[in-house]
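Read through the structure below, which is laid out as structure tokens, and then see the notes.
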Amino acid sequence: MSESVPSRGAPAWRPSISIVDHIVVDDEGRALTEPLREDIRLLGGILGEVVREHSGDDVFELVESARKAAFAVRRNEIDRDELAAKFVDLDVDVAIPIIRAFSHFALLANLAEDIHRERRRAIHVRAGDPPQKSSLAATYRQLAEAGLDDAEVGRALAGAAVVPVITAHPTETRRRTVFEAQNRITELMRFRERTELTPDEEAKVAESIRRQIITLWQTALIRLERLTIQDEIRSGLRYYDASFFEVVPEINTSVREALRSAYPRAGLAEEPMIRMGSWIGGDRDGNPYVTPEVVTLATTLAAQTAVRHHLDELENLAQELSMSARLITAVEPLLELAGAGPEDAGADEPFRLALRHIRARLVATADEMFDEGFLSSNDLLLIDGEEPYAGAGELLADLEVVDAALRANNDGLIADDRLLALREAVRTFGFHLSGLDMRQNSDMHEEVVAELLAWAGVHPDYASLDEPDRVEILTAELQARRPLTRPDAELSELATKELGIVRAAARAVATFGPEAVPNYIISMCTSVSDMLEALILLKEAGLYDPGPAGENSPRCTVRVVPLFETIEDLQQGAATMAAVLDVPFYRALVESQNGMQEIMLGYSDSNKDGGYMAANWALYRAELDLVEMAEKAGIRLRLFHGRGGTVGRGGGPSYDAILAQPPGAVQGSLRITEQGEIIAAKYAEPVVARRNLETLLAATIESSLLDVEGLGDESESAYEVMDDIAAKARAAYSRLVHQTPGFVEYFTTSTPLSEIGALNIGSRPASRKQTEKISDLRAIPWVLSWTQSRVMLPGWYGTGSAFEEWVGDDESRLDTLRRYYERWPFFRSVMSNMAQVLAKSDMSLAHRYAQLVPDEELRDKVFGMIVDEHERTIEMYAKITGTDDLLHDNAALKRSVYNRFPYLEPLNLLQVELLRRFRAGEDTPLVRRGIQLTMNGLATALRNSG
């Protein structure tokens with residue numbers, strides 16, 4: 005290194021590669037985004053006026069000067085130090101409104117971008133363009149062109165299900181007030197966009213927007229107290245009223261009708277394709293706050309949300325269906341449902357009478373299910389001894405009677421409105437709303453089962469046994485109906501709690517139906533015994549029944565789902581599953597569950613374990629092996645993808661990710677986690693939710709029915725190439741993360757990791773165990789920390805070295821990778837997602853975080869390795885793809901990065917400044933709040949931060 009070039013550990017260092025140079029926006033691109041920039045200017049201008057009015061001229065001038073300086077930094081007109089200097093030693097009570105201003109701007113920019121996507125889609129539709137990729141219309145067109153017969157479609161989509169599973173996330177903590185104000189601004193912006201307004205009308209719309217922004221400005225973005233799991237449960241449920249109740253039934257109906265119309269002899273079932281799931285309140289892996297009471301709360305609030313929706317819609321229907329028996333023909337089944345004869349005076353409005361009867365039965369059901377306080381005063385008026393519904397199927401049957409009566413009077417148009425939506429909602433959400441998954445770490449199961457076996461006198465030291473002996477003991481216990489304990493058994497705190505949780509789940513199943521708790525997920529599953537131990541707990545709660553002795557007829561409404569997380573576990577997953585399916589009673593259990601075995605794949609821990617490329621390839625290879633295993637075993641496979649919001653945790657565009665799955669991995673069915681601010685970005689309001697749910701369905705249908713891999717005869721050689729590249733990528737990643745002395749110290753001091761645990765962010769601890777090992781750290785804080793510091797390391801590190809080493813000087817090898825990029829959806833998706841991460845990284849900002857590391861030698865060494873690999877990865881990306889533009893294939897993200905990323909500058913710089921003060925001993929409530937606000941602001945702005 006030349007003496008004239010500052011060390012990477014020195015304050016004056018600058019990267020040789022600027023990310024801005026790798027995001028190319030031409031004149032055409034600028035023209036297309038002009039309406040977006042106009043919206044951003046409008047919203048930003050109103051926000052600026054509100055800041056001036058409510059926080060004073062000094063704060064406004066500082067915000068405005070910081071904004072202008074941030075754009076000047078992007079244009080290389082000033083040095084970043086000039087902007088950073090504005091915040092050095094700035095009073096915290098001044099810094100906080102500045103942080104809030106830029107955080108609010110990020111939130112409003114998200115909103116403007118969503119509106120712009122709708123605008124672009126509408127332009128394409130009005131122009132008569134072909135349906136856009138990832139829409140259901142485009143999927144139907146592709147299916148028609150493929151010439152599929154009905155039998156093929158019927159086989160592929162038998163039991164089809166797409167299940168988004170909502171999970172908690174520490175940065176998605178927006179309060180309901182903020183959430184609702186956003187939605188009102190969105191509606192106002194839509195109205196402004198789609199309506200030809202007079203100047204006075206436009207001024208009134210602007211005034212209404214201003215009113216909402218004032219509300220936002222004067223509402224705390226985050227809570228002062230630590231978020232509880234109860235808060236997270238309620239936050240997750242708000243998306244049902246916001247979008248799911250409107251959109252999910254509508255999509256389920258339209259997909260069923262479209263596929264049945266195109267393939268009438270396929271035998272497609274009535275069952276809805278989209279169902280909802282949740283982890284919030286059931287995921288206790290490393291979360292001590294999940295208790296039996298929390299499980300009860302989560303399942304009860306979910307059920308109450310569903311039943312309240314049904315009750316309200318029944319009341320609305322009764323208002324609408326005012327048909328008089330004097331003007332229509334009241335068919336006999338409708339009169340029977342109404343409990344009235346043709347001559348009864350009250351039967352003049354038979355639909356209203358029938359709906360009153362239905363609602364009274366549902367009120368009786370709710371009265372039986374829930375504690376006092378759920379039913380409204382109007383509901384209580386209907387309690388008159390009606391028989392409760394035994395299940396949602398009975399409610400649906402009554403609604404079918406109403407539907408048939410309407411159609412008998414040629415009122416199909418009316419039947420296909422609110423009533424159809426309610427019928428589909430009951431079919432989709434039932435009385436349970438969504439399925440709550442249970443999850444626990446296999447180590448906890450082992451400890452509890454060992455205690456139960458010892459208490460029952462089966463074996464004094466189960467933990468000392470080898471795997472075959474464990475399987476033998478567990479198999480024997482799982483074929484006998486005798487429980488291991490009794491309710492008054494004196495057990496350890498852990499065993500008591502774990503049994504209490506599965507018993508709470510059993511009560512939910514008994515009250516709300518088997519759909520309320522459909523799956524039990526085993527984290528860090530590595531063996532047959534890990535799976536059988538979970539069944540022991542389910543048996544103790546009465547959820548698993550071995551059946552009569554000697555009949556081999558086990559039954560369990562809850563599926564046991566192994567979660568393969570580390571790269572080694574992914575590599576051994578198929579062998580583990582083949583071994584457990586060789587256990588006769590377990591095979592019989594799978595057969596009793598429609599011959600389907602669900603398996604969850606962990607994107608987060610595999611990435612943390614081996615890096616981006618190695619993890620992605622390990623997942624692909626694991627899926628290939630599992631598909632082959634399932635075919636040999638003669639079972640149906642459903643994969644559950646544990647994807648986070650970030651690319652480092654399996655995130656990225658869902659459509660591309662599903663199409664990138666190997667052949668046979670989808671089979672009409674998949675479950676996928678939805679996390680963090682991604683939930684708000686995808687599902688906060690109906691228009692956006694409809695688009696994103698359509699995308700999941702479109703990709704699932706295409707992957708199930710079309711050949712999307714595109715490799716042909718080259719597949720086996722491509723797999724071997726990727727085996728080699730993945731091994732090289734893992735080695736490069738391990739050299740930094742697992743083999744560099746002091747790396748953990750660098751990571752914890754150059755990122756806000758320690759503050760994530762200290763600042764009441766999220767309901768769960770940052771680590772599974774109280775250690776400083778990377779392996780024990782949760783994936784969310786691992787990725788969140790690198791994202792906040794703009795390194796984005798989990799989304800790219802090791803890939804550049806692997807490509808460079810594998811290609812060497814061999815141009816033919818580079819051509820091979822170029823061919824994969826053109827033909828293979830998996831490889832293209834991996835490259836595209838990596839490029840998105842690189843576009844959001846900023847080594848110059850990351851360098852400022854590196855300055856927080858006290859050990860200068862360590863700082864220089866580790867940061868130097870990161871920068872070298874960053875430059876190497878960008879160079880290899882350009883060679884393989886043939887373009888320097890990191891976002892050449894993602895116009896929407898390019899718009900976002902170009903238009904909004906300068907606004908992130910002040911948030912990052914203020915976060916570094918406040919972290920410096922906090923670690924120097926300035927531990928005050930305002931400093932803590934300021935750091936937390938920068939974390940939330942950056943998470944909102946980056947949209948997929950953890």
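In the numbering used here, the protein residues as written are 5 to 950. Where a beta carbon is used, it is the ideal one built from N, C-alpha and C, also for glycine.
Beta carbon of residue i, beta carbon of residue j: below 8 Å?
{"i": "M796", "j": "K844", "result": "yes"}
{"i": "R188", "j": "Q216", "result": "yes"}
{"i": "L366", "j": "Y244", "result": "no"}
{"i": "A322", "j": "L359", "result": "yes"}
{"i": "S789", "j": "I760", "result": "yes"}
{"i": "V594", "j": "V562", "result": "no"}
{"i": "F589", "j": "G517", "result": "no"}
{"i": "I935", "j": "L911", "result": "no"}
{"i": "A351", "j": "A370", "result": "no"}
{"i": "G343", "j": "P168", "result": "no"}
{"i": "P558", "j": "T580", "result": "no"}
{"i": "L914", "j": "A839", "result": "no"}
{"i": "A693", "j": "S247", "result": "yes"}
{"i": "V506", "j": "L541", "result": "yes"}
Helix, strand or coil for residue i, going by three-state DSSP, please let me know.
{"i": "F568", "result": "strand"}
{"i": "M604", "result": "strand"}
{"i": "Y801", "result": "coil"}
{"i": "Y524", "result": "strand"}
{"i": "G714", "result": "coil"}
{"i": "R794", "result": "coil"}
{"i": "Q444", "result": "strand"}
{"i": "R227", "result": "coil"}
{"i": "G281", "result": "strand"}
{"i": "S6", "result": "Only weak support exists for where S6 lies, its pLDDT of 35 falling under 50; the value from the coordinates is given anyway. S6 falls in the coil class under three-state DSSP."}
{"i": "L392", "result": "A small fix is needed here, since residue 392 is Pro in this sequence, not Leu. Three-state result, P392: coil."}
{"i": "T143", "result": "helix"}
{"i": "D728", "result": "helix"}
{"i": "D316", "result": "helix"}
{"i": "Q774", "result": "Bear in mind that the predicted position of Q774 carries a pLDDT of just 49, short of 50, making it unreliable; the figure below should be weighed with that in mind. In this structure, Q774 counts as coil in the three-state DSSP scheme."}
Look at the alpha carbon of residue i and the alpha carbon of residue j, and state the distance between them as a whole number of angstroms.
{"i": "E861", "j": "L740", "result": "15 Å"}
{"i": "S527", "j": "M633", "result": "21 Å"}
{"i": "G504", "j": "T295", "result": "8 Å"}
{"i": "T479", "j": "L536", "result": "8 Å"}
{"i": "R591", "j": "A685", "result": "41 Å"}
{"i": "P785", "j": "S138", "result": "31 Å"}
{"i": "L47", "j": "L112", "result": "7 Å"}
{"i": "M327", "j": "F355", "result": "7 Å"}
{"i": "K543", "j": "N256", "result": "35 Å"}
{"i": "L161", "j": "L897", "result": "33 Å"}
{"i": "G60", "j": "L51", "result": "13 Å"}
{"i": "D154", "j": "V166", "result": "21 Å"}
{"i": "H463", "j": "T489", "result": "14 Å"}
{"i": "P550", "j": "V452", "result": "20 Å"}
{"i": "D383", "j": "E455", "result": "48 Å"}
{"i": "D83", "j": "P906", "result": "13 Å"}
{"i": "V209", "j": "E250", "result": "26 Å"}
query = Which runs of the beta strand (DSSP E), 3 residues or longer, sit entirely within the segment 607-666?
reply = 640-646
Contact between the segment 423-441 and the segment 309-326 (3+ Cβ pairs under 8 Å) = yes
request  = Take every Cβ of the segment 87-100, pair it with every Cβ of the segment 242-260, and state whether three or more of those distances are shorter than 8 Å.
outcome  = no
message = Counting beta carbon pairs with one atom in the segment 928-941 and one in the segment 96-111, are three or more of them shorter than 8 Å?
response = yes
inquiry  = When you compare the segment 658-676 with the segment 146-158, are there three or more beta-carbon pairs, one atom per stretch, that lie closer than 8 Å?
reply    = With the cut-off at 8 Å, the segment 658-676 and the segment 146-158 do not touch.
query = What residue ranges within the segment 824-882 form continuous alpha helix (DSSP H) runs of no fewer than 4 residues, ordered along the chain?
reply = 829-844 and 847-854
Segment contact, 8 Å Cβ cut-off, at least three pairs: the segment 736-750 with the segment 695-714 = no
query = Does the segment 669-678 touch the segment 636-648, meaning 3 or more C-beta pairs lie closer than 8 Å?
reply = yes
task = Let me know the alpha helix (DSSP H) ranges lying completely inside the segment 419-481, each 4 residues or longer, listed in chain order.
result = Uninterrupted alpha helix (DSSP H) stretches at least 4 residues long and entirely within the segment 419-481 occur at 424-433, 446-459 and 471-481, given in chain order.
inquiry  = I'd like to know if the segment 866-886 and the segment 800-813 are in contact, where contact means that at least 3 CB-CB pairs between them fall below 8 Å.
reply    = Segments in contact, yes.
key: Any 3 or more C-beta pairs closer than 8 Å across the segment 437-446 and the segment 262-272   = no
request  = Answer yes if the segment 709-716 comes into contact with the segment 827-834, meaning at least three C-beta pairs across the two stretches below 8 Å, and no otherwise.
outcome  = They touch, by the three-pair rule.
ask   = Should the segment 615-628 be regarded as contacting the segment 661-671, the criterion being three or more beta carbon pairs within less than 8 Å?
value = yes
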